[in-house]
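Here's the structure we're looking at; comments come further down.
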Amino acid sequence: KNLNKLLIRILLHLQVEFSGDNKIRINNILIGEVWLCTGQSNMEFPVARNPQVKWKTGMLNEAEEMKDADFPEIRLFHVEHQLAPDGEKEDCVGKWVVCNPENLKDFSAVGFVFGRKLYKDLSTPVGLIQSTWGGTHAESWTSMKVMENNPLYVDVLKQYSKEKVSREKDKCKVPATLWNGMIAPILGYTVKGNIWYQGESNSVRYEKYQEVFTNLINSWRKEWNQPDMPFYFVQIAPHYKQPAGIREAQLKTWLSGLENIGMAVVTDAADSTDIHPRNKVAPGERLAAWALAKQYGKKIVYSGPLCKSMKVNGGEVTLDFEFAEGGLQTPGNEPVKGFFIAGNDARFYPADAVIDGSLITLSSTYVSAPVAVRYGYGTFFRVNLFNKAGLPAVPFRTDTFAPDTYYRLFADSEIRRFPEAWQLDHGKRLYFGYAQGVGCCAMLQVWKKTGDKRYFDYVEAWADSLVDDKGEIHLYKKETYNLDYINSGKVLFDLYNETKKEKYKLAIENLIDQLKKQPRTTDGGFWHKKIYPYQMWLDGLYMASPFMARYGAEFNCPEWIDEAVKQFTLCHQHTYDTKTGLYYHAWNEDRSQRWADPETGHSPNFWGRSIGWWFMALVDALEYIPQDHSGYADMIKWTKELAETLSKYQDKNGLWYQVIDQPSRTGNFPEASVTVQCMYAYMKAVNKGYIDSQYRAIAEKAFKGLCNKLLISNSDGTLTLTRCCQVGGLGGKPYRDGSFEYYIGEKMRDNDAKATGPFIMGCIELNY
Numbered sequence: 001k002n003l004n005k006l007l008i009r010i011l012l013h014l015q016v017e018f019s020g021d022n023k024i025r026i027n028n029i030l031i032g033e034v035w036l037c038t039g040q041s042n043m044e045f046p047v048a049r050n051p052q053v054k055w056k057t058g059m060l061n062e063a064e065e066m067k068d069a070d071f072p073e074i075r076l077f078h079v080e081h082q083l084a085p086d087g088e089k090e091d092c093v094g095k096w097v098v099c100n101p102e103n104l105k106d107f108s109a110v111g112f113v114f115g116r117k118l119y120k121d122l123s124t125p126v127g128l129i130q131s132t133w134g135g136t137h138a139e140s141w142t143s144m145k146v147m148e149n150n151p152l153y154v155d156v157l158k159q160y161s162k163e164k165v166s167r168e169k170d171k172c173k174v175p176a177t178l179w180n181g182m183i184a185p186i187l188g189y190t191v192k193g194n195i196w197y198q199g200e201s202n203s204v205r206y207e208k209y210q211e212v213f214t215n216l217i218n219s220w221r222k223e224w225n226q227p228d229m230p231f232y233f234v235q236i237a238p239h240y241k242q243p244a245g246i247r248e249a250q251l252k253t254w255l256s257g258l259e260n261i262g263m264a265v266v267t268d269a270a271d272s273t274d275i276h277p278r279n280k281v282a283p284g285e286r287l288a289a290w291a292l293a294k295q296y297g298k299k300i301v302y303s304g305p306l307c308k309s310m311k312v313n314g315g316e317v318t319l320d321f322e323f324a325e326g327g328l329q330t331p332g333n334e335p336v337k338g339f340f341i342a343g344n345d346a347r348f349y350p351a352d353a354v355i356d357g358s359l360i361t362l363s364s365t366y367v368s369a370p371v372a373v374r375y376g377y378g379t380f381f382r383v384n385l386f387n388k389a390g391l392p393a394v395p396f397r398t399d400t401f402a403p404d405t406y407y408r409l410f411a412d413s414e415i416r417r418f419p420e421a422w423q424l425d426h427g428k429r430l431y432f433g434y435a436q437g438v439g440c441c442a443m444l445q446v447w448k449k450t451g452d453k454r455y456f457d458y459v460e461a462w463a464d465s466l467v468d469d470k471g472e473i474h475l476y477k478k479e480t481y482n483l484d485y486i487n488s489g490k491v492l493f494d495l496y497n498e499t500k501k502e503k504y505k506l507a508i509e510n511l512i513d514q515l516k517k518q519p520r521t522t523d524g525g526f527w528h529k530k531i532y533p534y535q536m537w538l539d540g541l542y543m544a545s546p547f548m549a550r551y552g553a554e555f556n557c558p559e560w561i562d563e564a565v566k567q568f569t570l571c572h573q574h575t576y577d578t579k580t581g582l583y584y585h586a587w588n589e590d591r592s593q594r595w596a597d598p599e600t601g602h603s604p605n606f607w608g609r610s611i612g613w614w615f616m617a618l619v620d621a622l623e624y625i626p627q628d629h630s631g632y633a634d635m636i637k638w639t640k641e642l643a644e645t646l647s648k649y650q651d652k653n654g655l656w657y658q659v660i661d662q663p664s665r666t667g668n669f670p671e672a673s674v675t676v677q678c679m680y681a682y683m684k685a686v687n688k689g690y691i692d693s694q695y696r697a698i699a700e701k702a703f704k705g706l707c708n709k710l711l712i713s714n715s716d717g718t719l720t721l722t723r724c725c726q727v728g729g730l731g732g733k734p735y736r737d738g739s740f741e742y743y744i745g746e747k748m749r750d751n752d753a754k755a756t757g758p759f760i761m762g763c764i765e766l767n768y
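Position one of the sequence shown corresponds to residue 1 (UniProt numbering), numbered consecutively onward.
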């Protein structure tokens with residue numbers, strides 16, 4: 001056997017000579033196994049770090065990997081980037097080189113690991129042809145013959161036509177341009193098969209990816225005249241920007257019945273914040289396992305556990321897995337992570353899991369009659385189920401439920417975090433707090449949108465425990481004349497209308513009685529609180545004015561609509577800045593506060609959330625103000641002007657800053673609550689017709705920015721909204737001077753109800 005291997009090596013190092021008018025001699029030819037290495041950036045990701053390219057950070061343990069890189073019988077061919085939007089090219093730039101540390105630096109890390117594994121296990125020369133381009137979708141690598149008359153590709157052909165793509169970095173997205181320039185020229189090579197790592201750029205159209213990917217595979221096989229050419233691919237790693245749908249499309253492609261295809265799972269090699277995980281050994285060696293088992297007859301395990309059946313018995317679900325020889329297991333026998341079950345209501349809850357060989361039994365105290373299972377189904381998740389060979393289980397779901405909405409997902413996340421509504425905003429006691437009111441208003445909106453009474457019951461349980469039969473509110477102190485209390489009163493309208501419990505009406509009247517006696521400025525503006533004399537805050541307009549307007553509309557008391565409009569008018573007069581079109585956080589009539597400008601009474605800065613409160617207050621109150629009211633036109637005008645102004649301060653990612661007009665100042669940062677408030681107010685104003693429909697794009701941009709920068713998908717299936725300002729104000733003890741340094745120095749936290757509530761309501765307005 002060893003002699004045969006030696007003879008093969010001697011024979012393979014050939015010298016070929018062509019005679020004629022010119023003599024050509026080619027030395028050091030190898031005959032062996034040639035594989036394509038294709039796809040976008042995760043296949044292009046090089047072995048060594050490239051300091052000139054930000055995302056080329058080098059594979060994990062780069063130095064150690066480079067030590068094991070001298071392989072004279074592994075040859076590398078790197079097809080240079082070549083765009084060809086107008087048709088197929090006959091040639092490309094590239095050359096065969098010997099695998100060594102120098103030549104390997106910019107070569108595909110996944111390709112190298114794959115080839116190294118084949119070489120070591122087969123003792124046969126291996127050739128690797130890399131043809132990759134980061135940021136490209138599958139259509140870039142597909143022949144125009146496949147796409148030109150197929151309705152599946154109409155949107156891509158239109159969006160990325162050569163004529164429409166102007167940015168240089170997007171020219172690689174022109175359909176067929178990379179097939180023409182980087183695949184067609186190498187069709188002459190006889191190859192054993194292809195490994196593919198791509199899909200990130202198709203995640204925005206994941207519902208089409210199975211068909212798009214299948215067409216690509218079949219067309220490549222046809223062009224290579226190899227109907228069963230092996231095609232092994234990596235399932236996209238979990239990442240906060242990658243929806244579950246793209247991984248599911250890849251799974252469906254594998255299970256579709258196509259011959260000679262296989263999928264490598266890398267759930268254990270992911271990085272939630274880096275779309276280019278540096279662990280390239282896992283995908284490379286797992287792709288090699290498929291090839292070694294299927295093409296070269298090696299008796300090895302080549303796939304992680306795959307669910308093949310599901311049985312329900314009462315409140316338990318039992319799953320059976322294939323590729324589970326030797327039994328299912330977790331590292332260190334730790335509890336199984338990543339399984340969720342649901343009943344017919346399609347609400348998924350984490351499941352307890354018990355392993356028995358190739359079987360897993362699931363249950364949850366929240367689901368008495370399970371009908372569906374999900375494992376590793378989401379954007380980013382933590383899973384830990386493996387087979388004895390150390391290969392991770394394949395993410396899957398058994399249901400066909402429609403994709404859930406963000407507003408419902410986030411509402412459910414809040415309820416799971418805070419099982420009782422008084423706990424919203426990280427509450428420590430039963431309290432009629434304004435932040436809990438914001439969160440509960442959002443829950444009532446979800447109830448109205450979905451008809452699911454769970455959300456109503458959640459709010460009612462809170463209010464029922466706070467309000468006694470006389471309408472007295474627990475821990476409410478009218479004599480403090482605090483406008484913040486009024487905000488939670490907004491939920492009482494829906495509770496009264498739905499339950500007809502008189503105590504809720506009495507509580508509403510109790511709050512109205514406070515407003516009747518609320519201290520005022522000389523011209524009639526409400527003090528924000530008794531402890532803040534002669535001060536109007538933007539926050540107070542949101543807390544009280546929509547409440548007054550709704551009270552006036554629903555109980556036929558138009559004088560309260562007049563009062564609401566009056567408060568808006570006075571606050572606009574005293575806080576609006578004509579130079580910027582923005583509103584100062586507060587105004588102090590008697591200029592007694594250190595934060596007050598001695599001439600204008602204005603506070604020093606434009607705090608994002610305070611302007612968000614004002615914007616929300618306008619659109620919420622307008623819902624109850626008749627169009628023929630004398631103040632209606634002014635409020636519409638202010639809403640339109642603010643919509644135009646705020647669009648100028650939205651950053652490139654769709655977010656607004658803590659101090660809204662100074663985004664570039666050192667220390668300032670994008671903040672969640674102002675962003676969600678603006679998203680909500682813009683979209684509600686569009687839906688109500690208060691502002692032009694063109695502003696929907698602003699709300700959508702905000703939503704995308706939140707998803708990309710501030711929203712986290714947790715491994716337990718919940719969502720977290722980060723970078724929320726915990727509190728902001730003026731005066732008090734310790735004294736808050738309203739300076740830039742004060743605002744940027746306030747504490748941030750996750751899932752603050754002053755942000756999560758508007759996020760839920762904004763998603764409802766967007767229907768997301």
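The C-beta atom is built at its ideal place from N, Cα and C for all residues, glycine as well.
If you compare alpha carbons, which of 400, 40, 614 and 147 is closest to residue 218?
Of 400, 40, 614 and 147, the residue nearest in Cα terms is 147.
With a threshold of 6 Å on Cβ separation, who are the neighbours of residue 705 within its own chain once the five nearest residues in sequence on each side are excluded?
Once the five neighbours on either side are set aside, the close Cβ partners of residue 705 are 653, 654 and 655.
I need the DSSP call for residue 35, collapsed to helix, strand or coil.
The three-state secondary structure of residue 35, taken from DSSP, is strand.
With a threshold of 6 Å (Cβ to nearest heavy atom), would residue 126 be considered close to the ligand ZN?
The model depicted lacks the ligand ZN and carries no ligand whatsoever.
Stretch pair the stretch 154 to 170 + the stretch 103 to 110: three plus CB contacts closer than 8 Å:
Taking 8 Å as the limit for Cβ pairs, the verdict is that the stretch 103 to 110 does not touch the stretch 154 to 170.
Since I believe residue 709 is in contact with residue 670 (beta carbons under 8 Å), could you give me their beta-carbon distance rounded to a whole number of angstroms?
Confirmed, Cβ separation roughly 7 Å.
Can you list, in chain order, the residues of its chain with a C-beta nearer than 8 Å to that of residue 514? Leave out the 5 residues immediately preceding and following it.
Hits under 8 Å: 478, 481, 485 and 486.
By alpha-carbon positions, which one of 113, 103, 522 and 206 ends up nearest to residue 137?
That would be 206, whose Cα lies nearest to the Cα of residue 137.
If you drop the 5 nearest sequence neighbours on each side, which residues of the same chain put their C-beta closer than 7 Å to that of residue 11?
Summary for residue 11: the model assigns pLDDT 42, below 50, so the residue's position carries little reliability, and this model does not support an answer.
Separation of residue 37 from residue 340, as counted between CA atoms
In a straight line, the C-alpha of residue 340 is about 36 Å away from that of residue 37.
Residue 657 versus residue 526: straight-line alpha-carbon distance, rounded:
Going by the C-alpha atoms only, they are around 28 Å apart.
Count the C-beta pairs between the stretch 517 to 533 and the stretch 595 to 610 that are closer than 8 Å, then say yes if the count reaches three, no if not.
The stretch 517 to 533 vs the stretch 595 to 610: no contact.
Enumerate in chain order the residues of its own chain whose CB-to-CB distance from residue 284 is below 6 Å, with the five nearest sequence positions on each side excluded.
Close CB contacts of residue 284 within its chain, under the 6 Å cut and outside five residues either way in sequence, are with 110, 113 and 114 (chain order).
One question on the structure: do residue 568 and residue 488 come within less than 7 Å of each other, judged by their Cβ atoms?
No, Cβ-Cβ distance for residue 568 and residue 488 is not below 7 Å.
Cβ-based neighbour list, residue 66, same chain, cut-off 6 Å, excluding 5 preceding and 5 following:
Sequence-distant partners of residue 66 (beyond 5 residues in either direction) whose C-beta falls short of 6 Å from its own C-beta, in its chain, are 101.
So residue 73 and residue 94 are in contact, right, with Cβ under 8 Å, and what is the actual spacing, rounded?
A Cβ-Cβ separation of about 19 Å leaves residue 73 out of contact with residue 94 under the 8 Å criterion.
Under a three-way DSSP split, which group does residue 587 fall into?
For residue 587, the three-state secondary structure derived from DSSP is strand.
Looking at the unbroken alpha helix (DSSP H) that takes in residue 561, where does it start and where does it end?
In the DSSP annotation of this structure, the continuous segment of the alpha helix (DSSP H) that includes residue 561 starts and ends at 558 to 575.
Once the 5 residues before and after residue 70 are set aside, which same chain residues still bring their CB inside 6 Å of it?
Residues of the same chain with a CB within less than 6 Å of the CB of residue 70, apart from the 5 flanking positions on each side, are 100 in chain order.
Round the Cβ separation of residue 693 and residue 755 to the nearest angstrom and send it over; I've been treating them as touching at under 8 Å.
Distance from residue 693 to residue 755 at the Cβ level is roughly 26 Å; contact not present, criterion being Cβ atoms closer than 8 Å.
Beta-carbon gap between residue 645 and residue 581 smaller than 7 Å:
Their beta carbons are under 7 Å apart, which means residue 645 touches residue 581 by this criterion.
Along the chain, where does the alpha helix (DSSP H) that runs through residue 247 open and close?
Counting along the chain, residue 247 sits inside the alpha helix (DSSP H) bounded by residues 244 to 254.
Can you list, in chain order, the stretches of the beta strand (DSSP E) that have 3 or more residues and sit fully within the stretch 75 to 152?
Complete beta strand (DSSP E) runs here, min 3: 96 to 99 and 126 to 132.
For residue 573, count the other beta carbons within 10 Å of its own beta carbon; 16 or more makes it buried, fewer makes it exposed. Which is it?
By the C-beta density criterion, residue 573 is exposed, having fewer than 16 other C-beta atoms within 10 angstroms.
Just to check my reading of the structure: residue 39 and residue 132 have Cβ atoms closer than 8 Å, yes? What is that Cβ distance to the nearest angstrom?
Yes, they are in contact, since the Cβ atoms of residue 39 and residue 132 sit about 6 Å apart, within 8 Å.
Nearest candidate by alpha-carbon position, reference residue 188, set 165, 203 and 225
Measuring from the Cα of residue 188, the nearest candidate turns out to be 225.
Between which two residues does the alpha helix (DSSP H) harbouring residue 43 extend?
Residues 41 to 44.
Apart from the five residues just before and just after residue 235, which ones in its own chain have a Cβ nearer than 6 Å to its Cβ?
In its chain, beyond the 5 residues on either side, 247, 250, 263 and 265 have a beta carbon closer than 6 Å to the beta carbon of residue 235.
Nearest neighbour of residue 78, chosen from 166, 126, 182 and 121 [CA to CA]:
Nearest option by C-alpha distance: 182.
What residue does the beta strand (DSSP E) around residue 385 start on, and which one ends it?
Careful: residue 385 lies outside any beta strand (DSSP E) and carries neither H nor E.
Roughly how many angstroms separate the alpha carbons of residue 43 and residue 637, rounded to a whole number?
Those two C-alpha atoms are separated by around 53 Å.
Where residue 354 falls, given that 16 or more other Cβ within 10 Å makes a residue buried
Residue 354 should be labelled exposed.
Whose C-alpha, out of 166, 761, 647 and 605, is nearest the C-alpha of residue 738?
It is 605.
Helix, strand or coil: how does DSSP classify residue 197 here?
Note: residue 197 maps to strand in three-state DSSP.
Around the C-beta of residue 741, are 16 or more other C-beta atoms found within 10 angstroms, so that it is buried, or is it exposed?
Exposed, because fewer than 16 other Cβ atoms sit within 10 Å of the Cβ of residue 741.
Taking 7 Å as the threshold (C-beta atoms), are residue 760 and residue 418 in contact?
Contact: no.
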